[in-house]
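Visitor: One point on numbering: in the working numbering, the residue at position 76 of the sequence shown is 88, and numbering is uninterrupted. Virtual Cβ for every residue (Gly too), placed ideally from N, Cα, C. All values reported here derive from a predicted model rather than from experimental measurement.
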Amino acid sequence: MQKNLILLAGYPGTGKTYLCNTILNWRDSFVVVSPDDIKERFWDQFGFNNLEKKEAVIQLSWNYYYAEMEKIMREGSSIISDYPFSEKQKSRIALLSQQYGYQIITIRLTGNLDVLFERQKKRDIDPDRHPGHILNCYHYGDKVKNRREAEGLLDYKEFIVRCQTRGYGSFELGHLIEMDMTDFSAVDYSELLRELERILKF
């Protein structure tokens, strides 16, 4: 049986979580491994007092992510993972997939960066969003009085720089499917699922 790894990659604010749930509703055999979920769990567990400590916790979360991915690959289950992947993660994921015989499908989500910035900002100021994403000092239970003034909230310039320099829009491993997510109402999810079915050979 073919073992598959679907990577939902591309720019922030492109609806990766929604797409992940859409695919899981279509085929529930995939195991979800989410870098952001792990990151948020580690922020709650360890906390951080400054950006340096925050980065250290993030690095711990990535170590856990790769270990978790390898554990699932040893068991032979197919995996789906969503993140703005970049060159930082590429070689490690490629190596694990080769080692355990996994076919990789990258679904790269792109869009107009102005639209995506507004979407990302709206998500970051949502009270349900984990505060660790927009704070430079956080410990479990901390509240944010005014998310719009949080010290770690990305401004437009930094958002554009990250999108243009980190390789989010060019990341690719294995089969590539690219989708423009500027206008969610124009996205043909049915066509995507048909393409996935062809590649995955369900």
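Starting from D126, trace the alpha helix (DSSP H) both ways and give me its first and last residue.
Guide: Counting from one through the sequence shown, the residue named residue 126 turns up at place 114. Element bounds for D126: 125 to 136.
Visitor: Give the single residue among D136, Y168, R174 whose Cα lies nearest to the Cα of R159.
Guide: Within the sequence shown, the letter at position 147 stands for residue 159. For the residues D136, Y168, R174, the minimum Cα distance to R159 belongs to D136.
Visitor: First and last residue of the alpha helix (DSSP H) that includes Q14?
Guide: Here residue 14 is taken as the residue at index 2 of the sequence shown, counted from 1. It is not in any alpha helix (DSSP H) - Q14 carries neither H nor E in the DSSP assignment.
Visitor: Pull up the CB-CB distance for S109 and G179, whole angstroms please, since I reckon it's below 8 Å.
Guide: The residue given as residue 109 occupies position 97 in the sequence shown. The residue given as residue 179 occupies position 167 in the sequence shown. Actually they are not in contact, since the Cβ atoms of S109 and G179 sit about 18 Å apart, beyond 8 Å.
Visitor: If you drop the 5 nearest sequence neighbours on each side, which residues of the same chain put their C-beta closer than 8 Å to that of T29?
Guide: On the sequence shown, residue 29 is found 17 positions in, with the first residue counted as 1. If we look at T29 and ignore the five residues flanking it on each side, its Cβ neighbours are D94.
Visitor: Judging by CA-CA distance, which residue of L147, W74, H145, V199 is the nearest neighbour of V45?
Guide: The sequence position of residue 45 within the sequence shown is 33, counting from 1. Here the closest residue by C-alpha is W74.
Visitor: For L121, tell me which candidate among L212, L204, N37, R210 has the shortest Cα-Cα distance.
Guide: Within the sequence shown, the letter at position 109 stands for residue 121. Nearest option by C-alpha distance: L204.
Visitor: Could you name the residues that DSSP lists as bridge partners for F60?
Guide: The count along the sequence shown starts at 1 and reaches residue 60 at position 48. F60 is bridged to Y150.
Visitor: Buried or exposed: P47, going by 16 or more other Cβ atoms within 10 Å of its Cβ?
Guide: Locating residue 47 in the sequence shown gives position 35, counting from the first residue. Its Cβ being crowded by 16 or more others within 10 Å, P47 is buried.
Visitor: Return the first residue and the last residue of the beta strand (DSSP E) that S46 is part of.
Guide: As a first step, residue 46 must be located in the sequence shown, where it is residue number 34. First-last for S46: undefined, no H or E at that position.
Visitor: I'd like the list of long-range same chain contacts for C175, defined as Cβ closer than 8 Å, with 5 residues on each side in sequence excluded.
Guide: On the sequence shown, residue 175 is found 163 positions in, with the first residue counted as 1. If we look at C175 and ignore the five residues flanking it on each side, its Cβ neighbours are Y23, P24, L125, L128, G181.
Visitor: By the three-class DSSP mapping on this structure, what secondary structure does M191 have?
Guide: One-based indexing of the sequence shown puts residue 191 at position 179. Looking at M191 - three-state DSSP - the assignment turns out to be strand.
Visitor: Could you say which of I211, E170, Y201, K213 lies nearest to N37 if we only look at CA atoms?
Guide: Counted from its first residue, the sequence shown places residue 37 at position 25. With distances taken between Cα atoms, N37 lies closest to Y201.
Visitor: The alpha helix (DSSP H) that contains R104, what's its start and end?
Guide: Within the sequence shown, residue 104 is the residue found at index 92, counting from 1. Taken as a continuous stretch (DSSP letters only), the alpha helix (DSSP H) holding R104 covers 99 to 112.
Visitor: Please determine if the stretch 150 to 157 and the stretch 76 to 92 are in contact, where contact requires at least 3 C-beta pairs separated by less than 8 Å.
Guide: Verdict: no, contact absent.
Visitor: Below 8 Å on the Cβ atoms is my contact criterion, and I expect I211 with H187 to pass it. Report the Cβ-Cβ distance as a whole number of Å.
Guide: Within the sequence shown, the letter at position 199 stands for residue 211. Within the sequence shown, the letter at position 175 stands for residue 187. At roughly 5 Å, the Cβ-Cβ gap stays under 8 Å, so I211 and H187 are in contact.
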